[in-house]
Structures are given as C-alpha cells and as structure tokens.
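Step one of this worksheet: look at the structure below.
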Amino acid sequence: MTICQTKRSLYSGNLKAEYDYDLTYGDDLPHSIGYTINGEPGDLCPCSKETTYRRVVDHGKTYLLRLVNSVVAADMFFAIAEHNLTIVGVDANYIKPITTSYIMISAGQTMDILLIANQTLGHYYIAARQFWSQGVGVTDFDQVNVTAIIEYRGNYTIPLSPSFPSTLPTYKDITAAIKFSNLFRSLASKDHPVNVPLNITTRMYVTLSISEIACENSTCTTLGGGEILATSANNISWNNPNPIDILLAYYRNISGVYTTDFPDQPLFYYNFTADDLPVAVATTEPGSKVKVLNYNEVVEVVFQGTNLMNGAGNHPMHLHGHSFYVVGSGYGNYNNETDPKTFNLVDPVEVNTFGVPKNGWLAIRFVANNPGVWFWHCHIDRHMTWGMAAVFIVKNGGTAETSIRKPPPYLPACKVPLESRVQNNDGPDGKENQTIFI
Ligand SMILES: [Cu+2]
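This is the structure we're talking about:
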C-alpha cells in the first residue's frame with residue numbers, strides 16, 4: 001500500500017507581486033506562513049481541524065510512504081509518534097535500509113519509507129517542522145508544525161488528542177540533521193549494483209554563497225541602499241535569459257543569449273568558512289554562464305558552502321537530467337589532497353538532490369550521458385531565485401540515440417501568455433487536458 005505524502009508551503013498575500021517587488025528593490029523574499037501534508041495544515045491549525053489528512057491503518061501491516069518534500073522554501077524534520085521509520089529508497093534508488101525515529105528531508109528530496117503499524121491501537125500524529133540551518137540569531141522563519149494523523153482500525157477508546165512525536169527535532173537542531181544525512185549508503189547488491197565513476201575527466205570546485213549585487217538605481221531598500229541581496233555559484237549570480245531561453249538558443253544556435261565560461265573553480269580563494277568575512281568579498285555580478293560537457297564526460301563536482309554575509313546554511317543541490325553519486329562530504333574548507341582519501345567509492349548513495357552541509361562541502365560524481373541543457377541549483381527557492389544556480393550543456397554523442405531530441409510539434413512558436421495557456425488547455429494529442437499544472 002502506498003501513502004503519497006506531499007508537503008507544501010503556504011504564503012499570504014499576492015506572492016508574485018511580493019516576489020517581483022523584492023527582487024527589484026532588494027528586500028528579503030517572502031517567508032511561508034505554514035506547511036501542508038497532502039493539502040492540509042493539520043488540526044493544530046483551527047482552519048484545518050475538520051479536514052486534517054487522516055490515514056486508517058491495520059495493526060500488523062506494513063505501509064510504504066512515498067514522501068516528497070515539495071516545501072521548496074525549507075528542509076524539514078519529519079516523524080510519526082511512537083513509530084520508527086525505515087527508509088529503503090531515495091530519489092527512486094534503493095539504499096541500505098535506515099531505521100530511525102525521525103528524518104530530515106531536504107527541499108526537493110524524495111524518500112520511500114516503510115511504516116510498520118505495530119503500536120497500541122490509537123491515534124498518532126505524523127508531524128513535520130522546518131529545519132532552519134541558517135543564522136542562529138534569526139527568528140522570523142516559519143515555526144509552524146504541520147500534522148496529519150495515523151488512525152488504527154479497531155475497537156478502542158479514541159483519545160482526546162493524538163500523541164505527538166517526541167523524537168521530532170527542534171528547528172535549529174543541526175546535530176540531528178547532520179547525523180541523519182550521514183547515514184545514506186546505496187544498497188549496492190548483486191541485483192542493484194552501483195556504478196561509481198572512477199576515471200574523472202572534468203573536475204569542478206564550486207562555491208555557494210549568499211552575496212550581494214550592485215543596485216542598478218537608487219531605489220533599493222536593503223543593505224544601505226547600495227546593493228541588493230543575491231546568491232551565487234563561483235561568484236556568479238545566475239540570470240535566466242529572457243525572452244529566449246538557453247535550451248532554445250542552444251538548439252537553434254542563437255548567439256548572445258549565454259556564454260560558455262562558467263569557471264571550474266572559484267575566481268579567487270579566501271577562507272570560505274571563516275566568521276565575519278569582509279563584505280567586499282561578497283559582491284557578485286549576474287551572469288548566464290554555462291559549463292559545456294562532452295557526451296560521456298565523467299564529472300566530479302565539489303560544492304563548497306561559504307559563510308559570506310554570515311549566511312552559511314544547508315544547500316540542497318539539485319541536478320536536472322542526471323542522478324549523481326555522493327562520494328564525500330565534510331565540514332570546513334575542502335582539502336583536495338586529504339579529503340579525496342575519505343571518499344566512499346564502494347556504496348555511495350545515488351540521488352538527484354543532496355544537501356551541502358552548513359559551512360562544509362559535498363563531492364558528487366556523474367557521467368554526462370544525457371544530451372541537453374540541464375539546470376542545476378539549490379532547491380531552497382529563495383536561494384535559487386537569487387542566483388545559486390547554473391547550467392550544464394551536455395553535447396550530443398554522435399548517434400541519433402545519443403543526441404538531443406527535436407522539440408515536440410506542439411511546442412508554441414512564440415511565448416504564450418499564461419492566461420491563454422490555461423484557457424486554451426489543449427493537450428499534445430489535441431484533446432483537452434483534464435489536469436492543469438501551473
Ligand atoms: Cu541554498
């Protein structure tokens with residue numbers, strides 16, 4: 001049996017208008033005001049009392065929970081009162097089972113979790129709350145607990161209130177998050193082997209930072225009026241080209257949309273994880289710089305978190321188009337002589353999203369065998385929106401099977417306004433779509 005649980009975040013006000021304003025004037029982006037499990041904030045919120053997501057279970061049965069962190073604004077702790085969770089898969093890849101009383105699931109991560117209904121008949125809260133890894137002095141982050149309820153089938157006195165998981169870590173429990181994130185290993189069995197790349201052909205070292213860029217006019221409202229908040233990768237704040245996107249520019253060979261000079265290492269070196277780094281180091285510039293990879297290139301990327309702007313935090317990095325192996329991670333600055341000796345090349349977990357630890361580094365490997373244009377970014381939306389992102393272009397491999405596909409015939413020839421797309425909701429087969437995703 002599968003319980004699909006998607007966790008999402010809620011905002012108040014006109015989110016798009018606030019976003020546009022904040023990006024123009026340099027203010028902090030909106031913070032969510034709550035989360036949902038399968039569309040409901042849970043009965044700790046009065047508005048959701050009657051409609052809280054509930055799941056009836058039979059004692060003795062085992063249930064598969066497919067957990068998706070679609071709270072793009074936050075990493076989340078998650079637990080079920082009185083029940084252990086056994087994680088068996090991450091991003092659709094088997095792992096050595098992890099039995100735990102809580103989990104930390106990063107923004108964009110997916111997990112397959114076994115739940116054995118083996119406790120006293122009763123009602124139990126499924127609960128989640130944010131893991132806040134950034135400034136310890138910051139208090140204005142979302143501190144709402146989202147809940148759902150496990151209800152055992154049977155005859156018993158229904159409690160006035162379900163029990164709440166005592167094992168759910170508190171918001172800033174970085175030790176709990178680190179301890180959990182270090183547990184992942186691929187199953188690496190005969191039936192589910194790993195294929196860890198060993199002969200690296202392209203090495204990259206990429207810093208991830210909270211940054212600032214110069215304000216183009218005098219109307220910016222934050223940071224003394226001279227700069228606006230940004231993020232960066234190797235000191236470049238990603239800028240989405242408009243109106244022609246990179247995929248179209250690459251496919252149609254249109255020049256002037258992007259450049260191919262994304263650097264393989266930081267432009268300059270400093271003590272990335274030191275306290276009170278000078279603000280001048282944090283100044284960055286917008287750019288649309290991509291990294292071009294040959295087909296079947298064997299890539300190692302070491303992401304290095306920095307403490308620029310005192311903004312160190314967990315960055316769940318997500319790569320489109322490829323899964324990658326997490327071969328190493330650590331704290332402080334990456335040492336390219338000693339740290340590779342600690343790499344796990346035997347059973348590293350294979351995922352498409354994984355957290356770069358606060359003030360630490362994460363080493364990943366993958367084979368660039370999927371031709372196309374692939375965005376990679378921090379999965380915390382505010383960081384991605386500010387520019388913690390870039391693009392890999394993977395070139396064709398020389399055969400039809402190893403070449404980028406043609407655009408579908410129903411691809412609009414020009415930009416269609418969102419409103420008309422919703423109203424004229426024709427599917428690729430000419431029939432009207434039943435579901436609208438925006
Ligand atoms: Cu981030």
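Just so we're aligned, residue 1 is where the sequence shown starts under the UniProt record's numbering, counting upward by one.
Note that beta-carbon positions come from the ideal geometry of N, C-alpha and C, so glycine has one too.
Just so you know, these numbers come straight off a predicted model, no measurement behind them.
Length of the line joining the Cα atoms of residue i and residue j
i, j, result
"F180", "L362", "15 Å"
"G256", "P286", "15 Å"
"P165", "R382", "29 Å"
"I3", "V144", "With a pLDDT of 43 at I3, under the threshold of 50, the predicted position of this residue should be treated as unreliable, though the coordinate-derived value follows. Cα-Cα distance, rounded: 23 Å."
"K289", "N314", "24 Å"
"V349", "V326", "6 Å"
"I246", "S232", "19 Å"
"N359", "Y205", "15 Å"
"P365", "T147", "It should be noted that the sequence gives Arg, not Pro, for residue 365. Approximately 37 Å between the Cα atoms of the pair."
"S323", "P316", "14 Å"
"A280", "L293", "32 Å"
"I174", "T273", "16 Å"
"T170", "Y35", "16 Å"
"P278", "A312", "14 Å"
"A400", "P407", "14 Å"
"P97", "I200", "29 Å"
Cβ neighbour criterion (16 or more within 10 Å) applied to residue i
i, result
"T62", "exposed"
"P417", "In this prediction, P417 has a pLDDT of 49, which is less than 50 and means its spatial position is unreliable; what the coordinates show is noted afterwards. Answer is exposed; the Cβ neighbour count stays below 16."
"G154", "exposed"
"T385", "buried"
"G355", "buried"
"S189", "exposed"
"K16", "exposed"
"N336", "exposed"
"T284", "buried"
"N333", "buried"
"S161", "exposed"
"N195", "exposed"
"I210", "buried"
"H318", "buried"
"E212", "buried"
"F268", "exposed"
"K49", "exposed"
"D140", "exposed"
"G398", "exposed"
"R129", "buried"
Proximal residues to residue i (C-beta, below 8 Å), its chain only, five neighbours per side dropped
i, result
"S12", "I33"
"D275", "N307 and N310"
"T342", "G328 and G330"
"W376", "M317, H318, L319, H320, A389, A390, V391 and F392"
"A30", "In the sequence as displayed, the identity of residue 30 is Pro instead of Ala. Cβ within range, chain order: Y11, G13, L15, E18, Y19 and D22."
Rounded Cβ spacing between residue i and residue j (contact assumed at less than 8 Å)
i, j, result
"A127", "L85", "12 Å between Cβ atoms; not a contact."
"T99", "L67", "The pair is not a contact, with the Cβ atoms about 15 Å apart (cut-off 8 Å)."
"N69", "G39", "Not a contact, Cβ separation roughly 15 Å."
"L64", "L114", "6 Å"
"D347", "S186", "5 Å"
"D142", "A74", "7 Å"
"Y124", "I103", "Their Cβ separation, rounded to whole angstroms, is 16 Å, which puts Y124 and I103 out of contact at 8 Å."
Spatial neighbours of residue i in its chain, beta-carbon cut-off 7 Å, leaving aside the 5 residues before and after
i, result
"P263", "N234"
"T402", "Y295, P371 and N396"
"G122", "Y152, Y156 and P159"
Residues near residue i in its chain [Cβ-Cβ closer than 6 Å; skip 5 each side]
i, result
"T202", "E297 and V299"
"Y94", "L187 and H192"
"Q134", "G313"
Next on the checklist: Using a strict less-than 6 Å threshold between each residue's beta carbon and the heavy atoms of ligand 1, what residues do you get?
Outcome noted: H315, C378, I380, H383 and M388
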